[in-house]
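Numbering (our numbering), first residue to last: 411 to 578.
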């Protein structure tokens, strides 16, 4: 297994937390796409959204994820939750890796998340977490090679489930 492993899912499902440990276990590199975007743009995600709007942010996200897909191998990539709006980036990530969707039911997700804007979450005017969740779920399902249902799982159990699913 030399391909990348690309983690997708809503903010707060644990893509970065699980991704770091998964990379260690597999002997892969770990790449946090949000940090790559911030480094490329030299500003925080929320600053990009404030200054460039949603379209500007998604453009930066698309470019960063295409770059990650082209430059990384044997890496675990934790993407931002909005990467599924970036069709070209998702196609490129799929070419170079397996897409693993970390799924969590809305009720548990809403308990985990605090200030969405502070996290740099892409929300349209007037959109709340429930609306965002319902909009994104079909996109995550569309791109996923594997879906890991995290309901009632801790980080270790999620990790074990990913490893088992990748080996199957």
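Note that beta-carbon positions come from the ideal geometry of N, C-alpha and C, so glycine has one too. Because the structure is a prediction, the values reported are computed rather than measured.
Residue 511 has 418, 557 as its beta-bridge partners, per DSSP. When secondary structure is reduced to three states using DSSP, residue 435 falls in the helix class. Under the DSSP assignment, residue 486 falls in the beta strand (DSSP E) whose first and last residues are 485-488. Nearest to residue 554 by alpha-carbon distance, out of 493, 532, 432, is 493. Taking C-beta separations shorter than 6 Å and ignoring five residues to either side along the sequence, residue 552 has no partners in its chain.
Taking C-alpha positions only, residue 479 is separated from residue 499 by approximately 8 Å. Here the stretch 442-459 makes contact with the stretch 482-490; the two share three or more CB pairs at distances below 8 Å. In this structure, DSSP gives residue 444 a helical state, which the three-state scheme calls helix. Here residue 421 is buried. Its C-beta has 16 or more other C-beta atoms within 10 Å.
Put simply, of 431, 571, 482, 462 the residue whose alpha carbon is nearest the alpha carbon of residue 413 is 482. Rounded to whole angstroms, the separation of the alpha carbons of residue 415 and residue 501 is 14 Å.
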